[in-house]
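Okay, so here's the structure we're looking at.
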Amino acid sequence: MLKNLLSNNSLSNKYQKIINQINLLENSIQTLTDSELRNKTITLNRQYTDTENLDSILVESFAVIREAARRTVGLRHYDVQLMGGLVLNDNKIAEMRTGEGKTLVATLPAYLNALTKKGVHIVTVNDYLARRDQVAMGQIYRFLGLDTGLIQENMKTQERQENYNADITYVTNSELGFDYLRDNMAFNIRNVVLRPFNYCIIDEIDSILIDEARTPLIISGNVKTSLEKYVIASEVVKFLNINVDFKVDEKNKNVILNESGTKQVEKLLNVNDLYDETNPWIPYILNALKARTLFFRNVHYILQNEEVLIVDEFTGRIMPDRRWGDGLHQAIEAKEEVPIRRNTETLGSITYQNFFLLYPKLGGMTGTAKTSEVEFEKIYNLSVDVIPTARPSLRKDLPDLIYKNQLAKWKAVAKECKNVSLNGQPILVGTTTIEKSEMLAQLLKDYGLSYQLLNAKPENVRQESKIIAQAGKKGFITIATNMAGRGTDIILGGNIHFALQKELYNLLIFYQSQNKRIEGKKNIFTELYKSMDFSHKFFSVIDSLVNMPTFLQLRNTNLLRTVYKSDQIWIPKNKYECAIKFLINQLLIKGKKQQKLDQTIVKNLGGLYIIGTERHESRRIDNQLRGRCGRQGDPGTSRFFLSLDDSLLKLFGGPTIQKFMQSQLLDDSPLESNLLTKSLDSAQQKVEEIHYDSRRYLFDYDDVLSNQRNVIFYERRKILESISAKDRILAFGEQVIADLINELRIVNIVKLNRLLGGFFGSNLKLAALATSRKEVSRTELQAYLFQEFWLAYEAKEMELQVLDFGVIRHLERTSLLIYNDIAWKEHLQKMSLLRDAVGWRSYGQRNPLYEYKDEAYSLFQNLNQITRQLVIYDLFRTRLI
Numbered sequence: 001m002l003k004n005l006l007s008n009n010s011l012s013n014k015y016q017k018i019i020n021q022i023n024l025l026e027n028s029i030q031t032l033t034d035s036e037l038r039n040k041t042i043t044l045n046r047q048y049t050d051t052e053n054l055d056s057i058l059v060e061s062f063a064v065i066r067e068a069a070r071r072t073v074g075l076r077h078y079d080v081q082l083m084g085g086l087v088l089n090d091n092k093i094a095e096m097r098t099g100e101g102k103t104l105v106a107t108l109p110a111y112l113n114a115l116t117k118k119g120v121h122i123v124t125v126n127d128y129l130a131r132r133d134q135v136a137m138g139q140i141y142r143f144l145g146l147d148t149g150l151i152q153e154n155m156k157t158q159e160r161q162e163n164y165n166a167d168i169t170y171v172t173n174s175e176l177g178f179d180y181l182r183d184n185m186a187f188n189i190r191n192v193v194l195r196p197f198n199y200c201i202i203d204e205i206d207s208i209l210i211d212e213a214r215t216p217l218i219i220s221g222n223v224k225t226s227l228e229k230y231v232i233a234s235e236v237v238k239f240l241n242i243n244v245d246f247k248v249d250e251k252n253k254n255v256i257l258n259e260s261g262t263k264q265v266e267k268l269l270n271v272n273d274l275y276d277e278t279n280p281w282i283p284y285i286l287n288a289l290k291a292r293t294l295f296f297r298n299v300h301y302i303l304q305n306e307e308v309l310i311v312d313e314f315t316g317r318i319m320p321d322r323r324w325g326d327g328l329h330q331a332i333e334a335k336e337e338v339p340i341r342r343n344t345e346t347l348g349s350i351t352y353q354n355f356f357l358l359y360p361k362l363g364g365m366t367g368t369a370k371t372s373e374v375e376f377e378k379i380y381n382l383s384v385d386v387i388p389t390a391r392p393s394l395r396k397d398l399p400d401l402i403y404k405n406q407l408a409k410w411k412a413v414a415k416e417c418k419n420v421s422l423n424g425q426p427i428l429v430g431t432t433t434i435e436k437s438e439m440l441a442q443l444l445k446d447y448g449l450s451y452q453l454l455n456a457k458p459e460n461v462r463q464e465s466k467i468i469a470q471a472g473k474k475g476f477i478t479i480a481t482n483m484a485g486r487g488t489d490i491i492l493g494g495n496i497h498f499a500l501q502k503e504l505y506n507l508l509i510f511y512q513s514q515n516k517r518i519e520g521k522k523n524i525f526t527e528l529y530k531s532m533d534f535s536h537k538f539f540s541v542i543d544s545l546v547n548m549p550t551f552l553q554l555r556n557t558n559l560l561r562t563v564y565k566s567d568q569i570w571i572p573k574n575k576y577e578c579a580i581k582f583l584i585n586q587l588l589i590k591g592k593k594q595q596k597l598d599q600t601i602v603k604n605l606g607g608l609y610i611i612g613t614e615r616h617e618s619r620r621i622d623n624q625l626r627g628r629c630g631r632q633g634d635p636g637t638s639r640f641f642l643s644l645d646d647s648l649l650k651l652f653g654g655p656t657i658q659k660f661m662q663s664q665l666l667d668d669s670p671l672e673s674n675l676l677t678k679s680l681d682s683a684q685q686k687v688e689e690i691h692y693d694s695r696r697y698l699f700d701y702d703d704v705l706s707n708q709r710n711v712i713f714y715e716r717r718k719i720l721e722s723i724s725a726k727d728r729i730l731a732f733g734e735q736v737i738a739d740l741i742n743e744l745r746i747v748n749i750v751k752l753n754r755l756l757g758g759f760f761g762s763n764l765k766l767a768a769l770a771t772s773r774k775e776v777s778r779t780e781l782q783a784y785l786f787q788e789f790w791l792a793y794e795a796k797e798m799e800l801q802v803l804d805f806g807v808i809r810h811l812e813r814t815s816l817l818i819y820n821d822i823a824w825k826e827h828l829q830k831m832s833l834l835r836d837a838v839g840w841r842s843y844g845q846r847n848p849l850y851e852y853k854d855e856a857y858s859l860f861q862n863l864n865q866i867t868r869q870l871v872i873y874d875l876f877r878t879r880l881i
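Position 126, counted from 1, in the sequence shown is what UniProt numbering calls 126; the numbers after and before it change by one each time, with no gaps.
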């Protein structure tokens with residue numbers, strides 16, 4: 001372990017002194033009783049309160065949490081894990097290989113920062129991981145007197161508030177982002193669920209801040225939509241021919257309708273101009289073409305219950321809450337002939353880049369971040385530190401094999417599976433789409449091979465963690481799309497927890513059925529388990545459990561299925577679950593001997609064999625697949641099988657490599673070539689650069705909007721928290737008056753009176769000034785009007801108070817919030833149109849981003865002016881009936 005630590009000299013030099021100090025405290029910490037160890041939390045919290053310096057308590061807090069982990073979950077942090085915790089606490093990204101215990105590492109900085117009592121968020125990529133980590137690691141925090149929270153999709157407002165107010169909260173990135181947006185749309189402070197941000201640890205940070213960063217989080221509402229146009233457009237494009245009427249740009253996922261196609265569509269639709277502003281057809285036609293030529297079922301989306309669900313290209317999972325924008329989703333629904341949902345308008349949005357930059361302190365961890373270090377540093381100001389492994393890596397990454405076409409490649413993959421499986425070595429095959437995973441499954445079936453299939457289809461997703469957990473079992477072949485199952489460890493020889501939980505479930509059900517048929521406690525089934533040397537207490541617990549009057553109800557309510565649907569660690573909540581926990585532990589004691597034997601056998605076979613069937617657009621995704629084997633010093637092998645017509649080589653490999661490879665591959669024999677490897681690496685770098693430019697473009701433009709969003713949300717929060725908004729209303733009225741006076745070149749009393757009447761009704765009188773013949777300066781006029789406005793507002797306030805005491809305060813706050821939201825919604829639409837418009841200005845040698853910033857500032861000033869005018873107009877015309 002020390003040898004591995006020293007292999008990374010810069011990190012070792014920086015953190016070794018602190019690690020040594022933590023280790024020196026270990027013996028003294030171990031002598032503490034549980035109560036004394038728990039009291040350390042109170043002591044450390046007081047020290048922080050006195051100094052407000054976390055560094056002063058870092059060493060002791062890390063030593064305390066390590067000992068607490070050892071006592072509760074039986075895991076002691078290695079020195080390299082301490083290093084990972086220090087990196088996370090230093091606002092950096094810790095790159096740790098699969099199986100190195102990132103979940104445990106997060107407890108170190110989480111506990112330290114939770115001592116501030118300002119809250120810590122641990123962000124995961126899905127609900128399963130959030131729940132699993134909160135259940136497993138929550139035992140450590142609770143032992144030390146801290147409470148943990150968990151945010152799940154269907155939680156109500158009060159549940160969310162309680163869980164966010166916990167010391168440490170586990171939550172998914174999407175739930176956290178949407179809660180932030182919903183908080184800034186709330187009309188009552190009691191509906192706000194988040195407290196001010198403090199510290200955030202992002203698990204699988206590359207997946208969240210890189211892969212998902214191209215799509216902003218959007219809260220939207222339905223708008224009136226011409227649904228029949230999507231259906232008509234979908235039928236019309238069937239009559240167009242590719243490369244004749246339109247061209248497809250696969251690299252940029254775009255279609256170009258040429259003159260021939262335009263005339264053909266206009267003829268079919270019987271219209272004169274597709275681009276007519278009063279009745280535009282062109283967006284419907286282009287989306288219909290994209291739906292036909294660029295987006296395919298079981299590749300980019302699946303159909304479930306007559307609904308189009310997007311498949312995440314990076315994880316292979318479905319995204320039920322996401323929809324493609326600008327009418328594309330409706331075009332795909334029309335193509336698939338399923339019900340078309342209405343278009344939406346944006347009510348609130350934020351990118352992941354700007355959202356996570358709201359945290360004063362941010363860290364992250366993943367197994368693959370170094371290849372994107374430049375992007376992390378430029379956008380998030382996060383550097384990447386590679387943490388050495390606790391044990392030397394034994395994984396072998398074999399050279400890629402390339403075949404002349406898809407048929408030859410897939411036949412080779414199936415033959416490789418057959419040959420390798422003959423000796424029992426487990427195999428995990430990674431595919432890029434659902435369609436290809438099912439095609440390979442059929443091929444293996446033809447070869448007479450059994451397999452486990454895992455892709456985004458609902459019937460497979462339900463078994464995700466169990467399928468992946470057993471992928472290391474002898475003789476198993478597992479087919480998975482991309483990184484499905486990421487977050488579940490693959491243990492060589494199989495995951496004993498899942499196997500024993502299922503075994504116990506079957507045992508209880510079978511035992512009950514035996515007891516129904518055979519009188520007495522002793523029967524063949526009982527004798528069988530006695531021969532396996534189980535204790536008398538084991539059978540007593542089984543007998544008492546299945547003979548409880550409520551056992552049938554236990555089955556019907558699915559509580560019993562906790563046995564093998566739960567994570568490997570869960571906290572019993574009642575006597576039934578306590579009994580189940582005891583039985584699992586008893587089976588575990590017996591099962592570990594067999595598991596150790598199975599692990600040794602699989603290790604001797606070479607460990608898990610990873611087969612990649614296509615290079616991904618990002619090197620990180622390939623590395624994630626390779627990282628599924630060779631965990632914690634286990635042996636393992638990885639190899640990619642490729643073909644010339646793989647999308648990456650076809651789109652980005654270039655004509656030279658295509659000609660060279662065609663001349664070399666005359667039959668189905670594969671080729672290994674340095675030129676090939678360099679070409680693939682170059683192609684991946686090109687795609688990564690394109691995607692980085694896309695994310696950078698989104699970030700640069702959203703950064704302008706982010707500054708405006710922060711102002712709007714800050715002002716909105718002040719309104720929510722204020723007891724009275726009267727001062728703000730008075731300021732709005734004064735500003736409206738000042739704006740109107742400034743708009744007049746010459747002070748014209750008659751015209752000014754007419755303008756004021758538009759906002760204040762007849763409440764402001766200019767009669768005294770109108771009859772006066774002397775000239776009035778702007779300053780005098782403004783002072784006079786301010787006084788009139790104050791008096792008019794006092795009169796309006798008294799009028800409403802007489803009818804309903806206190807109603808004016810409610811109306812003030814509500815008007816401010818409603819018109820703030822209306823103006824902001826319209827502003828978002830204008831900003832979206834502006835971003836599209838300024839892109840064309842580059843042809844005039846003008847910088848689109850500068851143009852965007854200039855006009856965005858003017859739009860924002862206009863937004864504030866509109867908000868003020870709407871609020872004043874509404875309040876002065878309010879009547880209570």
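Note that the Cβ used here is the ideal one computed from N, Cα and C, for glycine as well. All of these numbers come straight from a predicted model, not from anything done at the bench.
Strand pairing of residue i, partner residues [DSSP]
i	result
ALA94	MET365 and ASP385
residue 887	What the structure shows of the chain is the stretch from 1 to 881, and residue 887 is not part of that stretch, so it cannot be assessed.
CYS200	HIS121 and LEU362
PRO635	LEU394
Straight-line Cα distance separating residue j from residue i
i	j	result
GLU689	LEU146	44 Å
GLN47	VAL64	15 Å
ASP874	ASN381	45 Å
ARG297	LEU303	7 Å
LEU698	ARG214	7 Å
GLU333	PRO283	15 Å
ILE737	PHE876	14 Å
SER618	ASP385	20 Å
ASP400	GLY633	23 Å
ALA68	PHE143	7 Å
TYR451	TYR609	14 Å
LEU428	ILE93	28 Å
GLY364	THR351	18 Å
ILE719	ILE712	11 Å
DSSP state of residue i mapped onto helix, strand, coil
i	result
TYR451	coil
GLU345	strand
ILE808	helix
VAL255	strand
LYS825	helix
LYS678	helix
residue 886	Given a span of 1 to 881 for the chain in the structure shown, any question on residue 886 remains unanswerable.
ILE491	coil
Of the residues the options, the one placed nearest residue i, counting alpha carbons only
i	options	result
VAL125	THR103, LEU108 and LEU112	THR103
ILE205	GLN16, GLN624 and LEU649	GLN624
ASN343	MET137, TYR359, GLY325 and GLU336	GLY325
SER234	LEU194, THR293, VAL271 and TYR403	THR293
LYS796	THR878, LEU785 and GLU780	THR878
Environment of residue i [buried if 16+ CB atoms lie within 10 Å]
i	result
HIS300	buried
PHE239	exposed
LEU11	buried
ASP211	buried
GLN595	buried
MET83	buried
LYS404	buried
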